[in-house]
């Protein structure tokens with residue numbers, strides 16, 4: 001309407017075509033930054049490197065982007081990344097150098113670049129294939145900018161089994177700031193120009209139970225768009241709204257995004273951990289994790305694509321749930337124990353009996369690993385004794 005007024009167009013003298021800006025192929029996730037505001041470690045972003053997907057990480061300032069990039073370089077080295085290719089795999093994109101940005105775009109097109117840490121410079125006028133995830137680290141300026149940034153994920157409906165995600169990390173005390181923004185709006189007062197005050201549209205989005213519904217409300221999206229008649233949309237129709245909704249408000253995350261190795265804890269399941277001498281050895285845990293991830297993939301492949309099309313296999317058996325099973329392995333003697341361990345995962349619960357049977361099979365494999373470990377230690381001990389006797 002504002003554009004029409006600016007152009008001098010009068011109601012009834014023009015034809016308006018409005019289409020929904022909703023992207024049902026993207027899962028919307030809201031999180032809150034846990035790292036210190038003045039820190040140089042961003043552990044909540046470790047998963048970006050571990051996941052190895054093509055990702056854009058948007059930061060409000062060039063300085064913050066440089067700090068995140070520096071942390072990623074350090075983390076990549078810890079993970080055993082190739083130092084010869086790190087400058088191609090991890091890039092920064094801002095307004096400082098057009099030449100550098102052009103090289104970055106070419107690397108993204110050639111799939112050589114895995115992660116780009118960018119400012120809003122990359123949010124408009126750039127259309128690149130292959131972007132799987134967009135992370136916005138820190139409050140966007142407003143809802144329009146958030147939608148624009150997440151829109152860097154191009155529609156590729158042929159790959160609907162891949163869950164593309166738009167993840168917004170709000171700064172600290174997000175709920176308090178959002179509620180303050182709404183309260184001031186209701187009082188019809190002018191919002192203070194302070195960083196602590198959140199944009200009204202963002203505040204409504206953050207507090208909304210369903211993020212998808214709130215975007216539809218704020219942008220007045222129609223739920224019955226006339227299908228586009230272009231060749232692409234006819235051959236590959238855009239996906240419809242997912243039922244149930246996959247946004248983080250409707251489907252709270254169960255996947256741990258912490259970067260530190262999982263450690264056995266009693267509070268994760270309410271079950272006491274086995275005695276230390278009964279816990280799995282490192283080789284057993286490595287083997288067990290590998291086999292349980294195979295089981296996870298089997299569940300994902302067997303699921304109805306109409307209900308799992310946008311889901312990642314992680315939703316069926318998260319890494320932290322696998323570690324939980326391995327932590328309590330010696331205590332798992334009945335299917336009921338398994339059911340208790342995975343009770344929070346509604347997609348895994350129906351398969352608790354299958355999981356129990358797989359765990360029983362792993363028990364036999366662990367005995368073989370234990371025998372091999374004992375034999376290796378005996379041989380090392382014998383070799384040591386033989387070496388001492390020859391001196």
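In full-length UniProt numbering, the protein residues as written are 1 to 391.
All C-beta atoms, glycine included, are put in the ideal place defined by N, C-alpha and C.
Here the structure is a predicted model, which means the values were calculated and not measured.
Helix, strand or coil for residue i, going by three-state DSSP, please let me know.
i, result
"residue 64", "helix"
"residue 55", "strand"
"residue 90", "strand"
"residue 383", "helix"
"residue 17", "coil"
"residue 46", "helix"
"residue 290", "helix"
"residue 317", "coil"
"residue 234", "helix"
"residue 31", "strand"
"residue 118", "strand"
"residue 133", "strand"
"residue 322", "helix"
"residue 166", "strand"
"residue 197", "coil"
"residue 126", "coil"
Buried or exposed: residue i, going by 16 or more other Cβ atoms within 10 Å of its Cβ?
i, result
"residue 247", "buried"
"residue 353", "exposed"
"residue 205", "buried"
"residue 401", "Any question about residue 401 goes unanswered here, given that the chain covers just 1 to 391."
"residue 134", "buried"
"residue 181", "buried"
"residue 361", "exposed"
"residue 103", "exposed"
"residue 101", "buried"
"residue 14", "exposed"
Excluding the 5 residues flanking residue i on each side, which residues of the same chain have their C-beta closer than 7 Å to its C-beta?
i, result
"residue 80", "none"
"residue 265", "Note on residue 265: pLDDT 39, under 50, position unreliable in the model; the coordinate value appears next. Once the five neighbours on either side are set aside, residue 265 has no close Cβ partner at all."
"residue 331", "271, 274 and 337"
"residue 131", "54, 56, 152, 153 and 154"
Spatial neighbours of residue i within its chain, please: C-beta separation below 6 Å, excluding the five flanking residues on both sides.
i, result
"residue 256", "Note on residue 256: pLDDT 49, under 50, position unreliable in the model; the coordinate value appears next. Excluding residues within five positions, the ones whose Cβ falls inside 6 Å are 320."
"residue 42", "35, 68 and 71"
"residue 225", "19 and 20"
"residue 199", "142"
State the Cα-Cα distance for the pair residue i and residue j, rounded to the nearest angstrom.
i, j, result
"residue 85", "residue 91", "11 Å"
"residue 124", "residue 53", "21 Å"
"residue 263", "residue 281", "Note that residue 263 has pLDDT 38, beneath the 50 cutoff, so the model's placement of it is unreliable and the number below is only indicative. Computed Cα separation, rounded: 13 Å."
"residue 58", "residue 218", "23 Å"
"residue 348", "residue 388", "55 Å"
"residue 12", "residue 120", "37 Å"
"residue 3", "residue 99", "35 Å"
"residue 267", "residue 380", "For residue 267, the predicted structure reports a pLDDT of 40, less than 50, and the residue's modelled location is therefore unreliable. The matter cannot be settled from this model."
"residue 7", "residue 186", "32 Å"
"residue 316", "residue 291", "15 Å"
"residue 244", "residue 164", "17 Å"
"residue 286", "residue 32", "31 Å"
"residue 249", "residue 346", "16 Å"
"residue 237", "residue 376", "59 Å"
"residue 137", "residue 169", "5 Å"
"residue 10", "residue 16", "12 Å"
"residue 329", "residue 318", "16 Å"
When every heavy atom of the ligand NAD is checked, does at least one fall within less than 6 Å of the C-beta of residue i?
i, result
"residue 217", "This structure does not include the ligand NAD; it has no bound ligands of any sort."
Within a Cβ cutoff of 8 Å, which residues of the same chain sit near residue i, ignoring the five residues on either side of it in sequence?
i, result
"residue 197", "177, 180, 181, 184 and 191"
Three CB pairs or more closer than 8 Å across the segment 18–30 and the segment 211–225
The segment 18–30 is in contact with the segment 211–225.
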